[in-house]
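J.:
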Amino acid sequence: MQDTFPDSLARIVGATHVLTGDDAAPYCRDWRKRYQGQALCVVKPGNTQEVAEVVKACAAAGVAIVPQGGNTGLVGGSVPNIDGRNIVLSLQRMHAVRAIDVANQTITAEAGCILQNVQQAASDAGWLFPLSMGSEGSCTLGGNLGANAGGTQVLRYGNSRELCLGVEVVTPQGEIWSSLQGLRKDNTGYDLRDLFVGSEGTLGIITAATMKLYPQPKVQLTAWAAVPSVQAAVDLLGLARQHLHAGLTGFEMMGQFALSLVDKHYPQLRVPLYRDTPYCVLLENADFEGEQHARERFETLLEAAMEQGCVTDAIVAENLTQARTLWHVRESISLAQAEEGLNIKHDISVPISAIPQFVQETDAALAEHVPSVRIVNFGHLGDGNLHYNVQAPEGVDPARFLAEQEPGINTIVFDAVHRFGGSISAEHGIGQLKRDTLPKYKSPVALGLMQAIKQALDPQGIMNPGRVL
Ligand SMILES: Cc1cc2nc3c(=O)[nH]c(=O)nc-3n(C[C@H](O)[C@H](O)[C@H](O)COP(=O)(O)OP(=O)(O)OC[C@H]3O[C@@H](n4cnc5c(N)ncnc54)[C@H](O)[C@@H]3O)c2cc1C
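Read in order, the letters of the sequence shown correspond to residues 3 to 471 in this note's numbering.
#1: Cβ of Arg100 within 7 Å of any heavy atom in ligand 1?
#2: Does DSSP classify Lys220 as helix, strand or coil?
#3: For Cys282, write down the residues that DSSP places opposite it in a beta bridge.
#4: Does the beta-carbon of Tyr192 have 16 or more other beta-carbons within 10 angstroms, so that it is buried, or is it exposed?
#5: Following a CB-centred definition, is Ala248 positioned closer than 7 Å to any heavy atom of ligand 2?
#6: Under the DSSP definition of a beta bridge, which residues are partnered with Leu381?
#7: Return the first residue and the last residue of the alpha helix (DSSP H) that Arg13 is part of.
#8: Please look up how many angstroms separate the CB atoms of Leu484 and Lys456, rounded, as I've assumed it's under 8 Å.
#9: Skipping 5 residues on each side, what residues in its chain have a beta carbon closer than 7 Å to that of Leu130?
#10: Rounded to the nearest angstrom, how far is the Cβ of Val352 from that of Val419, given a contact under 8 Å?
#11: With 16 as the cutoff for other CB atoms within 10 Å, does Thr190 come out buried or exposed?
#12: Under the three-state reduction of DSSP, which class applies to Asn119: helix, strand or coil?
#13: Quick check on Ile317 - is its C-beta less than 8 Å from some C-beta in chain B?
#14: Please report the distance separating the alpha-carbon of Gln222 from that of Arg326.
#15: Use the C-beta contact count for Gln490: other C-beta atoms within 10 angstroms, 16 or more gives buried, fewer gives exposed.
#16: Ligand 1 heavy atoms versus the CB of Val68: any closer than 7 Å?
#17: For ligand 1, is there any heavy atom lying closer than 7 Å to the beta carbon of Asp83?
#18: Would you kindly work out how many angstroms separate the C-alpha atoms of Ile354 and Thr6, rounded to a whole number?
#19: Using the Cα positions of Glu320 and Leu328, report the straight-line distance between them to the nearest angstrom.
#20: Less than 8 Å separating the beta-carbons of Thr50 and Val172?
#21: Which residues does DSSP list as the beta-bridge partners of Met213?
#22: Does the distance from the C-beta atom of Thr142 to that of Gly75 stay below 8 Å?
#23: Would you grab the beta carbon distance between Arg332 and Glu254 for me? Rounded to a whole angstrom, and I think it's under 8 Å.
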């Protein structure tokens, strides 16, 4: 019998690590269940050398590759096309923490390492790996870097890109390039690491990375504040930065409707203070001196904020369990809105100073376009990043709403983002979801440079085709 292409990959990684048919199905559907693809097979290499050999085999056969980590991406970047001619290359088996260099304050882990496990390994060594997000129990370091994920601590520590000192990559030709030395300074030409970070698997496969570690704060305090407007939330952010300095590690804003969805679908979570206020804010203060110091600083901040009128009510978590519950409420918004039904998602950023005007104008434009439309507005206000999602009016079928309204609503939101000098994708990437929208809002010069880079690195076009560009 003649060898099939999956058979040839099985000779590289072992037959049990090549999946087809029903076994491959879970890897072909995205987390939001918006994209359903089909793969020639799913292949799971066990080390970098095997990744390189798989890529060489694909390049020789002209078979395209979709790199996949935890498959939690929200823009359809990690699942194959429907034509069944691509393979999914899953990094799941490559999950080792290779090294922790305490003196260099770095951790080196393989791409398939679950984010929570990277955090845990750092913590076990007495250090903090600050990347954190709702999907941390499933997403992987490679996926975080592929998407340049942000999360809840960007305000203090930066995106995945800022946390990354080096990567090990398999190029589209199957060569291995490594910059895992953990250098904080290296001005020897173009920054190749930064080409791969955020490239959504279109330029190569990240197989490992060296990431920065930080000192663990003595205590982390969380507060929840009711604010009378978006402008008040922005004012509170300024005040919090002045009072807490680098201690301010999280600043999340949540609209009343977003919180009402959590209350409706997860009543056991007991959402605080949201009923009588249009917005709430979750603040996190990391303190290196101790609990009393942290509490005093928080109290001084909240008193000043109340005096200025930018906070109307607030609570400070009494203990870690309460703090976790508050974060759990924030992180449950994504799930609660999914329970409510499909909605139109916008992961956007505008300069922080422009957010109040952006929200006011865009809320009004959407209400005029679709009366009674419901806006699930929440996000990382400290980074100027909102998840400004649009839900069907009460009683309207979500699928019909999406089919009829998505293009018009996207135009209203993205045009407003563009007008305010913002980005149509703050942290989730472009993937398939925004590929055709990107050219309308990105400078033609920037797009030309991106295409030139893609052509130079992947002239055969086998890396995650049809994503980003
Ligand atoms: C509940 C929930 C909360 C979330 N919260 C946030 C948040 O706060 N901030 C945020 O930024 N994102 C968030 N996300 C989106 C998502 O979790 C992150 O983007 C995450 O980084 C994706 O990691 P992953 O391993 O699941 O990657 P995947 O979904 O598997 O892949 C994501 C992209 O990276 C590429 N890729 C994967 N692995 C590699 C690799 N080894 N080399 C090269 N390319 C690769 C894929 O091809 C794809 O284009 C959230 C998602 C969910 C479901």
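Cβ atoms here follow ideal geometry from the backbone N, Cα and C, with glycine treated the same way.
T.: Let me lay it out:
#1: no
#2: coil
#3: Ala228 and Met256
#4: exposed
#5: Summarising the ligand content, the structure contains ligand 1 and does not contain ligand 2.
#6: Residue identity check: residue 381 is Gly in the sequence provided, not Leu. BP columns for Gly381 point to Met255 and Leu388.
#7: Phe7 to Val15
#8: A query on residue 484 cannot be resolved here, the shown segment of the chain reaching from 3 to 471 and no further.
#9: Ala124, Leu215, Tyr216, Pro217 and Gln218
#10: 6 Å
#11: exposed
#12: helix
#13: Absent from the structure: chain B. Only one protein chain is present.
#14: 11 Å
#15: Residue 490 lies beyond the stretch modelled for the chain, which goes from 3 to 471, so this question has no answer here.
#16: yes
#17: Position check: residue 83 holds Asn in this sequence, whereas Asp was assumed. Flag unset: Cβ of Asn83 not near ligand 1.
#18: 54 Å
#19: 11 Å
#20: yes
#21: Ile109 and Cys166
#22: no
#23: 5 Å
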